[in-house]
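These notes are about the structure you will find just below.
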Amino acid sequence: MPDNMFENYASLINENGSVSNPKYDERYFKTFYLNKLPKDKNIKILDIGCGSGKYLKILKKQGYTNLFGLDISEEQIKMAKQTNLNVQCSDALEFLKNNTEKYDVIFLIDVLEHIDLQKTFELIDLIYKSLENEGSFFIQVPNAIAPLSPLRYADITHKRAYTTYSLRQTLKFSGFKDLKFYELAPFVHGTKSFVRKALWHLMIKPIIKSFMLTSYGTNFEKIYTANFLCILKK
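For the sequence shown, position 196 (counting from the first letter as 1) is numbered 687 according to my numbering, and the numbering increases by one without interruption.
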């Protein structure tokens, strides 16, 4: 893989040069993330791999004021700065090694799957050290046991997908506590999505669960969605 692959990530991976659908992104974030955040709008939030700042914009719109984002893509950071977001083009490992700030919440959304395993352990350790006591760490990754693993193979920069078990292994020695996993199931943002949500819960998910129990004797914590979310406390 070229060393500069991520410098122009949006243009290289997406034909239209954009990785964001604002209305969908806002509904998605409100559905799965916003209600899990502290209500205090002054908390310090760090978004690692913030891209063009789509989630930072949503947080800002919701009244959160102490926001900072990192991304290795100069192209996407330029896009984020055009909307007056507090962001920096930087490698997360190098930034966290030299940073003395502590954060109440750190996001790592759709990032871990891009990172070599050895660097993954180093990054998780640095994130732990960068959190305030009782701070929260949000990780979203592709689900390796989702049928056909669509997000594992949708991007050539993905090095792996995770199960809840393998992610728990990855986090085992970091010192985090209270790991909680959440499925990121179809949610309603239009007529078609309403049908998808109904089909997922009434038909597809029960079939997958039955298959997993029959074939492997386990239901893998009942999470079969293309992505899943893990929230950890320090």
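A virtual CB, placed ideally from N, CA and C, is assigned to each residue, including glycine.
All values derive from a computational prediction rather than experimental measurement.
| query | result |
| --- | --- |
| Length of the line joining the Cα atoms of Lys527 and Arg651 | 27 angstroms |
| Near the ligand PLP: Ile636 beta-carbon under 7 angstroms from a heavy atom | The ligand PLP is absent from the structure shown, which contains no ligands of any kind. |
| Beta-carbon separation (whole angstroms), Leu537 vs Ile597, contact threshold 8 angstroms | 5 angstroms |
| First and last residue of the uninterrupted beta strand (DSSP E) at Lys686 | Looking at the sequence itself, residue 686 is Val, so the reference to Lys does not match. Run containing Val686: none in the beta strand (DSSP E); it sits in the alpha helix (DSSP H), Thr682 to Leu690. |
| Assigned exposure category for Ile539 - 16 Cβ within 10 Å defines buried | buried |
| Segment contact, 8 angstroms Cβ cut-off, at least three pairs: the segment 574-585 with the segment 637-645 | no |
| Nearest neighbour of Phe520, chosen from Glu613, Ile600 and Lys569 [CA to CA] | Ile600 |
| Coil, strand or helix - Arg646 by DSSP | Looking at the sequence provided, one finds Asp at residue 646 rather than Arg. Coil. |
| Asp531 classed as buried or exposed, judged by whether at least 16 other C-beta atoms fall within 10 angstroms | exposed |
| Euclidean distance between Cα positions of Glu506 and Cys541 | Only weak support exists for where Glu506 lies, its pLDDT of 49 falling under 50; the coordinates are left without a value. |
| Validate contact between the segment 600-614 and the segment 567-580 using beta carbons, cut 8 angstroms, 3 pairs | no |
| 4-residue-minimum alpha helix (DSSP H) runs that sit fully inside the segment 538-617, ordered along the chain | 545-552, 565-572 and 583-589 |
| Beta-ladder partner(s) of Tyr673, from DSSP | Leu720 |
| Cβ-Cβ separation, Leu720 to Phe664 (assumed contact under 8 angstroms), whole Å | So it is not a contact: roughly 21 angstroms between Cβ atoms. |
| Per-residue DSSP class, three states only, for Asn512 | coil |
| Pick from Ile618, Val578, Thr709 and Asn718 that is closest to Leu587, judged by C-alpha positions | Ile618 |
| Three-way DSSP call (helix, strand, coil) for Lys535 in this model | strand |
| Assigned exposure category for Gln631 - 16 Cβ within 10 Å defines buried | buried |
| Cβ-based burial, Leu550 [other Cβ within 10 Å; buried from 16] | buried |
| Beta-carbon gap between Phe667 and Thr655 smaller than 8 angstroms | no |
| As assigned by DSSP and simplified to three states, the class of Lys663 | coil |
| Other residues of its chain near Arg518: CB distance less than 6 angstroms, five sequence neighbours each side excluded | His680 |
| N-terminal and C-terminal residue of the beta strand (DSSP E) that Phe702 is part of | Segment Lys696 to Tyr707 is the alpha helix (DSSP H) holding Phe702; no beta strand (DSSP E) there. |
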